[in-house]
Structures are given as structure tokens and as C-alpha cells.
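Step one of this worksheet: look at the structure below.
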Amino acid sequence: MQPPPVITIDGPTASGKGTIAQRVAAALGWHYLDSGALYRLVALRALETGTDPSDEAALARLAAELCPRFSDGRVELDGRDVSDEIRREDVGVMASRIAVHPRLREALLALQRGFRQPPGLVADGRDMGTVVFPDARLKVFLTASVEERAERRHKQLREKGFSGSIADLLQDLQARDARDSNRATAPLRPAEDARHLDSSDLSIEDVVAQVLRWHGEG
Ligand code: DC
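The numbering of the sequence shown is the numbering used here, which starts it at 1347 and goes up by one.
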């Protein structure tokens, strides 16, 4: 039996991949995996327990014990709704720092692959097309200029009531891009068979339409 089909959408921080992946999933009636949320959940746990971000064994344990519940765009950890907390900038930075550890990444693999359920899955992250779902039928690598991404993130954070200057965000994004792209294990990198899409000058609707067109061609 064929496993359910997967569309992967990988790209740097704030490239819009979450929004696009959710809309594509909704349009197709497929499941959605926000893999970054899993790294953020481990990061939140690490911050709360005072775990050293260089302690790979302890972080891998936290990841292996992770039992999140996703429903209606919210995520619960041990019965507590942490959807807003995991979006904090300090949690994002911690997620990027701990994501360098191969054993932690390994511990999250089965959890991620468990989202592959009929009728299909749209998964967003950094290594969805290269490591987690290498047999995906459509792989998209979504980018946008760092300035555009800083503006988008700034707007997003303001809407959520968080503060922060664009200059700080820009610096943070550049540091995170560098860390995510240069790590030894599963770095942010397009799969060889990925379709590239620069969303800097495109609307969300345009990007969703392009992904659905590619899907229709496949
Ligand atoms: O997509 P995001 O900003 O929510 O992800 C937060 C961090 O998690 C990101 O900076 C790196 C890490 N991450 C990863 O290493 N691999 C993924 N598939 C998704 C996220």
C-alpha cells in the first residue's frame, strides 16, 4: 500500500511557510505538521527546566518524552495550552540553538512521521524534504528577503502584543539563518528536487495558488 502523499514546505524563519502550508492543507483537506512547533516545545521545556542548551543527552530525553496535543491550530503540553508561549522570540532562539543536536532531531523523527495520515500531509520546517519526508511528491523551498521577513515578523509580533525593534529582529533573523543553515545535521537547505519560490513580492494567495498548481501538475 502506498503511504499517504506529502507536500513539504521548507524555508528560513519568517518566510511565510507556516501560513502557506496551513492554507494549502486546508485547500486540499489534508493534515498539517508545523515541525518548528516541536522544536519550540522542546525549547520551552528546556527553558522551564533550566536545561543547558549544550546538554544533548538531556535535550534528547526532553524530546523523547514530548507528548503534545495539536487541535484547531492550538497546541497543548500536559494539558496546558502553550500555543502563544512557544511563539515568543526567546523560545524561537532557543529552538534554533538546540536544533543543532543530532540526538534531539532523531528523537523527534517518529513524532513527525506520525502526522503522515490519510488523505495526505502538508509539512513545514527546515528538513521536511531532505530528511523527514524525502519521498514527498512535491517539495517547495520558500524564501523571502531578510528585510521582508523582518517586517513580517515585526507585524506578527505587534499583533500578538509583543514588542521589539525591526533592527533587533533583523539581526536575530540573520543569526538564526546562519545557525540553521550551517549546522552539521539536517541544515536548512533545499532538497535537490525542490521547487524554489521567492515570496518577497508575492501575496499569500499567489504563493498558495502556485503551490496548488504544482501539486495539480504532479
Ligand atoms: O519554523 P520555526 O521558526 O518555528 O522553527 C524554530 C526553530 O526550530 C528553527 O530556528 C530551527 C528549528 N527547526 C529545525 O531545526 N527543523 C525543523 N524542521 C523546524 C524547525
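Idealized CB from N, CA, C, for every residue including glycine.
{"Asked": "Beta-bridge partners of R1542, as assigned by DSSP", "Found": "The question names Arg, yet the displayed sequence has His at residue 1542. Paired residues: F1487."}
{"Asked": "Nearest residue (CA-CA) to D1436, options L1519, G1425, V1486 and A1456", "Found": "L1519"}
{"Asked": "Identity of the residues DSSP links to L1379 by a beta bridge", "Found": "A1469"}
{"Asked": "Exposure of T1354, with buried meaning 16 or more beta-carbon neighbours within 10 Å", "Found": "buried"}
{"Asked": "Inter-residue spacing [alpha-carbon to alpha-carbon] between P1349 and R1462", "Found": "8 Å"}
{"Asked": "Exposure label - P1448; buried when at least 16 CB within 10 Å", "Found": "exposed"}
{"Asked": "Three-state secondary structure (DSSP) of T1354", "Found": "strand"}
{"Asked": "S1442 beta carbon near the ligand DC (any heavy atom closer than 7 Å)", "Found": "yes"}
{"Asked": "Inter-stretch contact at 8 Å, needing at least 3 Cβ pairs: the segment 1462-1480 / the segment 1377-1384", "Found": "yes"}
{"Asked": "Sequence-distant residues of the same chain with beta carbon closer than 7 Å to P1351, five excluded per side", "Found": "G1466 and R1483"}
{"Asked": "heavy atom of the ligand DC below 7 Å from S1429 C-beta", "Found": "no"}
{"Asked": "Reference M1347; option with closest CA among R1420, P1464 and P1399", "Found": "P1464"}
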